[in-house]
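Here the structure is laid out as structure tokens; the discussion comes afterwards.
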Amino acid sequence: MNGISPELVRHVALLSRLELSEGETCRFGDDLANILDYVAKLNELDTSSIPPTSHSFKMSNVFREDVVQPSLTNPEALANAPDAENDCFKVPAVIQEL
Amino acid sequence: MPRYEPVIGFEVHVELCTNTKIFCGCSTRFGAPPNTQVCPVCLGMPGVLPVVNRKAVEFAIRTAIALNCGITKYTTFDRKNYYYPDLPKNYQISQNYASLGTSGWVDIDVNGTVKRVRINNVHLEEDAGKLLHPEIPGANYSLVDLNRAGTPLVEIVSEPDLGTADEALAYMNTLKNLLEYIEVSDCKMQEGRLRFEVNISLRESGAAKLGTKVEIKNLNSMKTALKCIGHETRRQTALLERGEKVFQETRLWDEAASVTRAMRSKEVAHDYRYFPDPDLVEIHITDEWQEQVRAHLPELPDAKRQRFIAEYDLPEYDARLLTASKTVATYYERAAAAHNNPKAISNWMMTEVLRELRERDIEPDDFPLKPEGLAAIVEMIDDARISGKIAKDVFAKAAQSGRDPGEIVNAEGLLQVTDTGEIEKWVDEAIAENPDMVAKVKAGQTKTFQALVGQIMKKSRGKANPALVNELLKSRIP
Ligand SMILES: [Zn+2]
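Going down the list, the sequences are from chains A and B. Convert by adding 3 to the 1-based position in the first sequence; the result is the number in the numbering used here. Convert by adding 171 to the 1-based position in the second sequence; the result is the number in the numbering used here.
Set out below in structure tokens:
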């Protein structure tokens, strides 16, 4: 079984912006290890002669032409926003000034 | 020689001048009211499907060709995962595993010396939105405008081949000119169309081993990039001289303080977990497609220079100067089309026009004197309607006001006098008023002869035809 350290769980949680309690960190460590073990079964197959692909279907070159289509109106765009101000989405301040 | 020397590489982001965004039909026009050029796709709504803009791919192929890159036959899009409020999907669609162009180069001219800069790769990605900070002091929120989200970007990644600020400037200028030449972007830096990121490390002068690399983001003009290179070189030098270490990190340029600042490592965890975007299928760039793009490539600077030499019979020097920027070359071609004296027009461009543009720091499009006006001035000289000296005055006036040069000449009575009778009058007056000079001329002093010509030109307020003045004066003083 893969060992997933608490540090790795905390790192993954940070990347996903999740706040975990100590108990959750421990539990998710086990869960993640189980999932990885399950997926690792695929490694038992010999795929050395199969080229890597990113899609299950063979399709390429699906394009659109460079022609402007109508956009949403501003009220439509903001309709689902939890908060808005001055025609913009309103979000918590980002600590890092960019 | 300083103990340490900088090793500099660039990542340049170019907003492409397509009509629409890269994965949806929203307009890319700059300056629209906030959140009015957005749709479910570029807002990152669940369940939507992005579809690639063919033009954006072609512009990227064009860029890769112009930078002498190999074109990847099968190219794909990948998701770069990170959280930031200007990124509605929480991932940016970019190219990580199969960049569209790889292993290219571009030659830059650094004060007369040509240097080759290697291009690691050219790839396509989407731009993020814009974060606006409320002007209320202490406000604990930000506002997001997603009009820019999804604008197609080409990112040009160089190898760390630059060693001085001069080289960095030449590289940035060369890229800008090239991108303008191939018409993939208008490169307006004040609108954020062209943005720079630099990576800098220091090494012992002359040593081969590279030091630790620091990346600096957020550079919106060439001037800022240069200031940042200067600052970062001094900062790292000071660290090393104190025996401290340079950390590998991403820093931000703080324009107000003119310093770089470390980003908090927690927020920039370089762990983007790239994976192929399942919503976007592979792009197959066939040889035919590549050839088609190549065939329709607008004329590149080198080809234009060669053509200027052949078509206008210009010296290499002139052709190089006139083709260094596409907008200058276009100005020249319009002037040369309006009056057939390409060399004279080239001379006026190189001396007067380029100087005015430099002094005012403007582009040819914003220069009040239009190319046809410049051609008219040269034509009036060629037709002996005005002298070269008067032409300079007319040019200065037209360059200020944009008035039509022909109209200036007429309104101010500057037409050259070629009427022998009138010129004879000025010649005789000058002879009568300057007996000493006449004596000296008779004694063989050619310098005084020229001074006397000057006297006559002055009487005519510069309007007498100088050749006629010379001829008449000679006949009067045997
Ligand atoms: Zn859209």
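Glycine included, every Cβ here is placed at the ideal spot set by N, Cα and C. Given the structure is predicted, the values throughout are model-derived calculations rather than measurements.
Whole-angstrom distance between residue j and residue i, CA atom to CA atom
i, j, result
"Tyr245/B", "Glu453/B", "7 angstroms"
"Ile552/B", "Pro637/B", "12 angstroms"
"His652/B", "Glu362/B", "For chain B, the structure presents residues 172 to 649; residue 652/B sits outside this window and is missing."
"Glu595/B", "Ala555/B", "18 angstroms"
"Gln626/B", "Asp607/B", "13 angstroms"
"Ala286/B", "Leu525/B", "Sequence check: residue 286/B is Lys here, not Ala. About 25 angstroms."
"Cys188/B", "Leu468/B", "15 angstroms"
"Lys437/B", "Glu420/B", "Confidence is the limiting factor: at Lys437/B the pLDDT is only 49, short of 50, which leaves the residue's position unreliable and the question unanswerable from this model."
"Leu410/B", "Thr431/B", "14 angstroms"
"Ala610/B", "Asp564/B", "34 angstroms"
"Val222/B", "Pro447/B", "15 angstroms"
"Ser270/B", "Cys240/B", "11 angstroms"
"Glu368/B", "Gly584/B", "56 angstroms"
"Phe248/B", "Ala428/B", "38 angstroms"
"Thr522/B", "Tyr502/B", "14 angstroms"
"Val580/B", "Glu504/B", "24 angstroms"
"Ser684/B", "Arg366/B", "Because chain B here runs from 172 to 649, residue 684/B falls outside it and cannot be looked at."
"His510/B", "Phe66/A", "46 angstroms"
Proximity test, Cβ basis, 7 angstroms: residue i and chain A
i, result
"Gly633/B", "no"
"Lys226/B", "yes"
"Cys210/B", "yes"
"Pro205/B", "yes"
"Leu525/B", "no"
"Leu314/B", "yes"
"Tyr254/B", "yes"
"Val430/B", "no"
"Pro447/B", "yes"
"Asn311/B", "yes"
"Asp564/B", "no"
"Asp442/B", "yes"
"Thr650/B", "This structure leaves residue 650/B out entirely; chain B is present only between 172 and 649."
"Val222/B", "yes"
Residues that DSSP places opposite residue i in a beta bridge
i, result
"Cys421/B", "A small fix is needed here, since residue 421/B is Thr in this sequence, not Cys. Answer by DSSP bridge pairing, in chain order: Glu386/B."
"Cys91/A", "Glu88/A"
"Lys286/B", "Ile279/B"
"Ala433/B", "Arg422/B"
"Asn224/B", "Arg67/A"
"Lys301/B", "Asp316/B"
"Phe446/B", "Arg250/B"
"Leu333/B", "Ile179/B"
"Asn370/B", "Gly180/B and Glu386/B"
"Gly272/B", "Ile242/B and Val293/B"
"His455/B", "Tyr245/B"
"Thr191/B", "Ser198/B"
"Tyr262/B", "Asn252/B"
Closer than 6 angstroms: residue i CB and nearest ligand 2 heavy atom
i, result
"Cys29/A", "This structure lacks ligand 2; its bound ligands are ligand 1."
Residue i at chain B interface by Cβ criterion, 7 angstroms
i, result
"Val42/A", "no"
"Arg20/A", "yes"
"Phe31/A", "no"
"Ala80/A", "yes"
"Val97/A", "yes"
"Val12/A", "no"
"Asn77/A", "yes"
"Ser57/A", "yes"
"Asp34/A", "no"
"Asp1/A", "Residue 1/A is absent from the structure shown; chain A starts at 4 and stops at 101."
"Glu88/A", "yes"
"Leu23/A", "no"
What are the residues of the stretch 453 to 467 of chain B that lie near chain A, defined by any Cβ-Cβ distance shorter than 7 angstroms? Glu453, Ile454 and His455
In chain order, what residues of the stretch 62 to 74 of chain A put their CB closer than 9 angstroms to some CB of chain B? Met62, Ser63, Asn64, Val65, Phe66, Arg67, Glu68, Asp69, Val70, Val71, Gln72, Pro73 and Ser74
Evaluate contact between the stretch 295 to 314 of chain B and the stretch 88 to 99 of chain A, counting only Cβ atoms and requiring at least three cross-stretch pairs below 8 angstroms. yes
Should the stretch 563 to 580 of chain B be regarded as contacting the stretch 532 to 540 of chain B, the criterion being three or more beta carbon pairs within less than 8 angstroms? yes
Within the chosen definition, does the stretch 7 to 15 of chain A reach the stretch 32 to 51 of chain A through at least 3 CB pairs nearer than 8 angstroms? yes
Give the residues from the stretch 569 to 595 of chain B that approach chain A closer than 9 angstroms (Cβ to any Cβ), ordered along the chain. none
Is it true that the stretch 200 to 214 of chain B meets the stretch 225 to 239 of chain B, where meeting means three or more beta-carbon pairs spaced less than 8 angstroms apart? no
Any contact of the stretch 76 to 85 of chain A with the stretch 323 to 335 of chain B, i.e. 3+ C-beta pairs under 8 angstroms? no
Taking contact to mean at least 3 C-beta pairs separated by less than 8 angstroms, is the stretch 251 to 267 of chain B in contact with the stretch 232 to 239 of chain B? no
Across the stretch 206 to 220 of chain B and the stretch 309 to 323 of chain B, are there enough close Cβ pairs to call them in contact, namely three or more that are closer than 8 angstroms? yes
Quick one, which residues of the stretch 182 to 206 of chain B are near chain A if we go by CB-CB under 8 angstroms, in chain order? Thr189, Asn190, Thr191, Cys195, Gly196, Cys197, Ser198, Pro204, Pro205 and Asn206
Report yes or no: do the stretch 370 to 379 of chain B and the stretch 175 to 190 of chain B share at least 3 C-beta pairs separated by less than 8 angstroms? yes
By the 7 angstroms beta-carbon criterion, what residues does the stretch 242 to 253 of chain B contribute toward chain A? Thr247
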